[in-house]
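Here's the structure we're looking at; comments come further down.
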Amino acid sequence: MPARLFILTLLLSAGCLTAYGQDLRTGVPTDGGGFLVAGDYLAWLDAEGNVLRKRPLSRPVTALAVCSDRLYALEAGGLELTMLDADGAVVSRDKLPVKGRLRALAADRNTLWAVTDAGEIVHRVGDAAWNVFDFNAQYTGYYPSMDFRAVAAGGGSVMVAGIGPDGAPAAFTSARGTVWSERLLDYTEQGLPCTFKGTVTALSYDDAQDRFYLLGSGGAQLALPGCSHCNSLTHYPAETLFARIAGSTKNLLLGSDGFQRVEER
Amino acid sequence: MNCIRTLFLTGALALAAAASALAQDSQLPIYLNTAYSFEERATDLVSRLTLEEKQSLLGNNMAAVPRLGLKNYNVWSEALHGVLSGANPSVGILGPSSFPNSVAIGSSWDPAVAERMASAIADEARAIYATGTKGLTFWSPVVEPVRDPRWGRTGESYGEDPFLAAEIARGFVRGLMGSDPKYLKAVPTAKHYFANNSEFDRHVSSSNMDSRDMREFYLYPYKRLIEDEKLPSIMSSYNAVNHVPTSASAFYLDTLARRTYGMKGYVTGDCAAIQDIYDGHYYAETRELATAYGLAAGVDSDCGSIYQRFAISAYEQGILPMALIDRALINMFTIRMRTGEFDPDQMVDQMVPYSKFEPSRVSSAANRALAAELAVKTPVLLKNEGKALPLDPKTLKSIALIGPQADDVELGPYSGRPEASAMISPYAGIQAWLKAKGYDVDVRLAVGGDIKSKSNLLYIAYFEIEKTDGSSTRYDATKYTASADGITVGSGMGEEEQVRSIDDGSWTAYENVDITNIENITVGLNIPTEGGIVEIRVGGPDGNLIGRIEATKASGARVGGVYGASMPMKTNALKLGYNGPQTVYLVYKAPQDAPIDEATLQTAREADVAVVFVGTDENTATEEADRLTLLLPGNQLKLIQAVAAVNPRTIVVMQTLGCVEVEDFRHLPSIGGILWTGYNGQAQGEAIPRLLFGEVSPGGKLNATWFKTVKDLPAITDYNLRRSSGNQGRTLWYFDREVSYPFGYGLSYTTFAYSNFRISKNAITPNDKVTLSVDVTNTGDCSADEVVQIYVRTPDSPAALERPAKRLKGFQRVTIPRGQTRTVRIDVDCADLWFWDMKADRMTYDPGRYVFEFGSSSQDIRGSVTATMSGKLNRRLKTVWASCDASVLRIGDTAQASFSACMNDDSFYEGAKCVWTSNNPAVATVAPDGTVKAVSMGVATVTCAVTIDGYTKEDTFAVKVMPDLGLASLKVGGKNVKLGDAASLSYLLKPGKAPKVEAVAADPAIDVTVKQADAVPGTAVVTLHDGLTGDSRLVTVNFGAKGVSDTFRKGALNKAWRWVREDPAAWTLSTADGLVLTAGKGDIALGSNSASNILLQSANSDWTAEAKMKGVPAPPAQNAGIVAYQCDDNFVKFVRSATFNFRRPAEPGAAPSPGQLQLLVEENGQQKSVVNLPLDGIAGVNDVLWLRLDKQGDCYTAWYSVDGKKFEKMGTAQAVLKDVQVGVIACEGEMPMMGRGGGGRRGAMPMPQAVPLQVSFSDFKLVSRGLK
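Top to bottom, those sequences are chains A and B. Letter 18 of the first sequence, counting from 1, is numbered 18 in my numbering, and no numbers are missing. Take the position in the second sequence, starting the count at 1, then add 265; the result is the number in my numbering.
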């Protein structure tokens, strides 16, 4: 079961969020609190949202994931996967057996997922070896060749998203990572059919709602529920949304230029 | 490697292309070979899929499988009145045409209109399909009759009467399917099967009815379409019927739709309908069970994501047979194949008549013209006092077009997005028509009103009281202690429960809300359409106001739509000095209507004639949102009245989703004419001038009753049709109060005289067909259409039977030139005059008089003829349904076929005999008792022929025979041994070197590998692998040594034991109790794999283990008992465990439960099968139990005893384990994942905390045995 971000309520009510500065980039909940990337720092939070400690990051981090009680970070550049210890010290930097640059991380229970800009989807269960699925090679002629930008996992499935050769966004889902179905990004607005056209920046799985969210340019958040044609689009006043962290009662949205929003469920 | 495999590996599509026109080429994979039937090809295709591929194909986003040349395919498309799509310039596709929607098409009373429209839609669909951007399966039409006009999807239905709905749908289905006997032009899906006739509660509610209403009304259109038109698909609905979700009901889907009506095709669940089985209806405890229920019921595709996430785990849990997965996929692929999708490219053009549709078909000139033509056929003239209509343009100097729809094009739901140039508003249409005709009329436009919805103002989830000290308390808004009538609670497609059905003036009350030192009030709400005002009051709905929130679209608040979740809106509280708990009221108000502006009235006043265009839109009512009122939304009623007050020549043109209340304006003398239409498509504005100026006379008729007031209707949740307390009856069948306009009503610019009423015979039986004839003369001034309607009454039926006042049983729309007479002949099949006999469970016919009324409406009856019914229906065979418990077999396998025989009175024939035959006995034979035996690789079609009273009907199914995964020989230590059907052999040997195992596969195409045992004890593993399908079979040969028994009372453990994850502090030995274990956290089930103190010894032979156990596991998941263990992911566990119903936890203070016995198997980390035996009535809470587990090969049998002497068999399970150990386990257990995250639409339950489990084991006995 994905951990909960218990911190959000207090963060907002106490005005703590702004204390982290205007550069909240991403975060990940844990059972006992969570982690946030705030500017050049990695912050440890307790269950009530208090900063237990923070530590400067040696390199900018674009994504975090907690898997099998370990904290993984994806540093800018996407060449290596970094594992951090309880103090935030780098335990290891692993170069994954991929051709492309790592673009996103996600975890579901004991499975860690990552995607690359070369269309690779990699995962491993526990400490087992990495399994690399070359999406573009496997699906040549069937799906567009993808530059993956986002991954999220939960509820018995994993979703990846990115852009195709023509720049059009696309998303795919799988139960176990070897067979992928396209998830259309269509939605209805004012009764008329529309298709999401923006750039994909992130995916998020919301356990409580059992649905994925795709974030993108133009402040777009596309909800992707179980009902496969019930997608709905919301726009937020941010140029780009780059993280949606689902909490137990609230959700935290992070975007460019310091955009932060906590939303009630 | 055989021929087919070689082809397979080189790529199926490439091979298909190379094969070109060689359809008969035996080298082609069967699924690409057009020499085979579609079902055989589909079965072959499914047989080649891996389990994960199968799962990925069980939803509407069907995955691509490149190795089979299988393209990704989205089953979901909509085409209710045009392909739901937009323009796609990159492939040369314009915006698809949007034709009149269903309520309008239904009002045409002309199936040919529906057929022509659907044929044009299919043309466009084929053209779009050819670009590779969309499929050919469409979730249209809606055939549910309109039981209640408040239903949010009234506009999507063809009408109130099931006969009308069926006839119009027949036209649509024919048009979409095309007329080719083999290939489908496009695939219609009739929905929503069935009784999804209210929106607000459809995910959680039950539509309750008796079998008569069910058969005569709700199912009638489906029956007609399936039986008469071979409808290839239906959609199962969200709702339950009589408390069983339709999507989980084998009776509704398999017994009725398939075995009774004979539907050959696929069933798709409505989107998230399978999920609703689990978290809407709480009908299934897990998503895996919901998957199993859905597939077992016959839902082949899940337009959600449950099947595609949980089918594998359901299969691995042993609750979902592979045969059901295969059956679902075969049903789906058979229909996909009928579109020609899998025919080799080079053959498609020759064989599929619809394969050459160019992009230019979309929004073609022909289709634009058709849209314009059809838009003229649907409008209904409701009033024409003093021949107010048609208007004479020669006498008009000016015309005022007033109202929010005067210059708008409302297409209605599930419409395509046409080109802007194709969408003509009334204002544009009237201007263009006048100009084209050369009339100089000043056309003035004034909107002057709005269509703001007053139904479903808000959805309220919570409110929060914040005090001056900064503390706050949140209250669940759905937990109100009192409310106004009509308030409901629901979550729709979302997870959040909300107060819904909020109307103007509605309120909800909450007792004991502490508002001492109140500072702010926050309300969590969603605005579905226009929004409303929330007043927070104290003491009563009219009590003191302490807060007010304007949650309206007009004020800039965020509109979440009908699928939206709540957002907080905050207001400062008015501090009135209240202290302590109070009863707080949330009072909901609609925004005030905007006043009618003087400029609009001036425009109306100054014109020669004022035409007011009013109506509804998708905010008025839609999917997920019913209407709460039948009033015209916004200020439109006031607008009509205001205009009528200033212009004595006022015409009202309404375009709505159905009935609206008209009593407040229809009698106004200034309003001479009222014209109504459903959403009339892209060309609605072109039709208006042709009708208003008399180029064409309106010829449509109302497709539903127009009630005077919503107050005449029973609760929308009441699905009974016949009159009862609080229900004055529904539809023209039973409603007997005065109405505004009756069903079938519609005027014309001319008049028609009916004469010479005839019937072809006056003595009828259910086996007859009669022709009703009437001469209709156009006695007016212009050519026009008339719809002659035939209503049937049965005046001799006993009153107690409560037969309908009348039923529509025929109609015909005819065009009659001025002054001419047409003889209209309408055939009625007397077999269709049935009622449902609820006791006999079959159709029945009342004897006596049948009065056939000829009407211009259901109440304007011009004449009648009578026939007397006698005799009975000649009962004959109608539907044979054959099925098999497996579609994919391996050589040597057998499967059991079965069949049912349904008669033409919709009852089943008991004792029918079937003659079974196989079209390919070399592949599969079938015995007279239906036993199918797989003989060799290939496909075969098995036919069941049933003959009853000289009538023979057949049905078929296909089977695919795969290579044999059996062993030709197995040698152990050089000696041949017989394995039979077992998957495991056990030897009892002395420790030392293990014998060598040698194996040969029965089929040379199967790969065999043997991993030898290192020693005794140890296990040799034989793996048989089919590279074609990826299927594998394991055979284990276990070599074990003799095990030891241990009383656990000797102060030390026998040295044969070893611990897994020993926690020394959590176990002790005592002479009194034996081994005492204090359970630690976790389990070895469900992936937790963390249980400590598992005590084991090697037991790699066959054996019987027994132990005395004392201890009471507590909820939620504590368990303890005997385990046969290979590793944490492969074991058989026989335990006493707690019972805990996650969804319905025990009431506080309830007596403790003795728990249950559980036999659980886990293989490769997947829970495979579970046998549960509740101990209630078997053992007391504190009773000692003796558990015994017996291993014989791969078969584990569990026994229990309450006295240690008499053992009862509890159950058996199969598991192929290697390096087996046996021992005891006690652990806190792990709760299944179901519902933990949110827990569905009604929220998660908190997990109870149990005291640590302490359990003692003693007198452990182990008797080993095995081959020598």
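All residues carry an ideal CB built from backbone N, CA and C; glycine is no exception.
Burial state of residue 1503 of chain B, where buried means 16 or more other Cβ atoms lie within 10 Å: Residue placement at residue 1503 of chain B is poorly supported in this model, since its pLDDT is 34, which falls under 50; the coordinates still yield a value, given next. Answer is buried; the Cβ neighbour count reaches 16.
Residue 212 of chain B - DSSP class collapsed to helix/strand/coil: Past the boundaries of the shown model lies residue 212 of chain B; chain B is included only from 266 to 1533, so the question cannot be answered.
Short Cβ contact (9 Å threshold) for residue 779 of chain B with residue 846 of chain B: A contact, by the Cβ cut-off of 9 Å.
Interface residues of chain A around residue 537 of chain B at Cβ under 7 Å? 226, 227
With distances taken Cα to Cα, identify the nearest neighbour of residue 1539 of chain B among B:1078, B:450, B:605. Nothing in the structure corresponds to residue 1539 of chain B, since chain B is present only between 266 and 1533.
Just curious, the alpha helix (DSSP H) that residue 541 of chain B is in, first and last residue? 538 to 544
By how many angstroms is the C-alpha of residue 886 of chain B removed from the C-alpha of residue 929 of chain B? 21 Å
Cβ contact (3+ pairs, closer than 8 Å) linking the segment 688 to 706 of chain B and the segment 966 to 982 of chain B: no
Does the separation of the CB atoms of residue 1177 of chain B and residue 1166 of chain B fall below 9 Å? yes
Quick one, which residues of the segment 546 to 576 of chain B are near chain A if we go by CB-CB under 8 Å, in chain order? 552, 568, 569, 570, 571, 573, 574, 575
For residue 811 of chain B, report the span of its alpha helix (DSSP H) as first-last. It is not in any alpha helix (DSSP H) - residue 811 of chain B instead sits in the beta strand (DSSP E) that spans 809 to 817.
Within 10 angstroms of the Cβ of residue 1450 of chain B, are there 16 or more other Cβ atoms? Answer buried if so, exposed if not. buried
Using beta carbons (cut-off 9 Å, strictly below), is residue 331 of chain B in contact with chain A? It does; some Cβ of chain A falls within 9 Å.
Identify every residue that forms a DSSP beta bridge with residue 1324 of chain B. B:1360
Does DSSP classify residue 529 of chain B as helix, strand or coil? coil
Neighbour flag for residue 213 of chain A against chain B, beta carbons, 9 Å: Chain B places no beta carbon closer than 9 Å to that of residue 213 of chain A, leaving this residue out of the contacts.
Positions along the segment 694 to 720 of chain B whose CB lies within less than 7 Å of some CB in chain E: In the displayed structure, chain E is absent; the protein chains listed are A and B.
From the DSSP output, in three-state form, read off residue 642 of chain B for me. helix
Beta-ladder partner(s) of residue 928 of chain B, from DSSP: Per DSSP, none; premise fails for residue 928 of chain B.
Excluding the 5 residues flanking residue 1508 of chain B on each side, which residues of the same chain have their C-beta closer than 6 Å to its C-beta? Reliability of the predicted coordinates at residue 1508 of chain B is poor, the pLDDT of 36 falling under 50, and the value obtained from them is presented with this limitation in mind. Closer than 6 Å at Cβ, skipping near neighbours: no residue.
Please list, in chain order, the residues of the segment 331 to 362 of chain B that have any C-beta partner in chain A closer than 8 Å. 331, 336, 337, 339, 341, 349, 350, 351
Who are residue 1341 of chain B's beta bridge partners in DSSP? B:1333, B:1521
By the criterion of Cβ-Cβ separation under 9 Å, what are the contact partners of residue 157 of chain A in chain B? 570, 573, 574
What does residue 826 of chain B touch in chain A if you count any residue whose Cβ is under 8 Å from its own? 232
State yes or no: is the beta carbon of residue 892 of chain B nearer than 9 Å to at least one beta carbon in chain A? no
Starting from residue 83 of chain A, follow the beta strand (DSSP E) in both directions and report where the run begins and ends. 81 to 84
Comparing the C-beta of residue 382 of chain B with each C-beta of chain A, is any distance below 9 Å? no
In chain A, which residues lie with their C-beta within 8 Å of the C-beta of residue 326 of chain B? What residue 326 of chain B touches in chain A: 173, 181, 182, 183, 184, 228.
On the premise that residue 1051 of chain B lies in contact with residue 1013 of chain B, defined as a C-beta separation below 8 Å, what is that separation, rounded to the nearest angstrom? The pair is a contact, with the Cβ atoms about 7 Å apart (cut-off 8 Å).
Apart from the five residues just before and just after residue 1231 of chain B, which ones in its own chain have a Cβ nearer than 7 Å to its Cβ? 1157, 1267
From the DSSP output, in three-state form, read off residue 1506 of chain B for me. Only weak support exists for where residue 1506 of chain B lies, its pLDDT of 38 falling under 50; the value from the coordinates is given anyway. DSSP places residue 1506 of chain B in coil when its eight states are reduced to three.
Compile a chain-ordered list of the residues in the segment 732 to 760 of chain B whose CB is closer than 7 Å to at least one CB of chain A. 758, 760
Continuous beta strand (DSSP E) stretch holding residue 161 of chain A: start and end: 157 to 163
So residue 317 of chain B contacts chain A; which residues on that side make the cut at Cβ distance below 7 Å? 175, 176, 178, 179
So which residues on chain A does residue 321 of chain B lean against when the C-beta distance must stay under 8 Å? 174, 175, 179, 180, 181
Please name the residues in the segment 136 to 169 of chain A whose beta-carbon is closer than 9 Å to at least one beta-carbon of chain B, in chain order. Only 138, 139, 140, 141, 142, 143, 154, 155, 156, 157, 166 from the segment 136 to 169 of chain A bring a Cβ to less than 9 Å from some Cβ of chain B.
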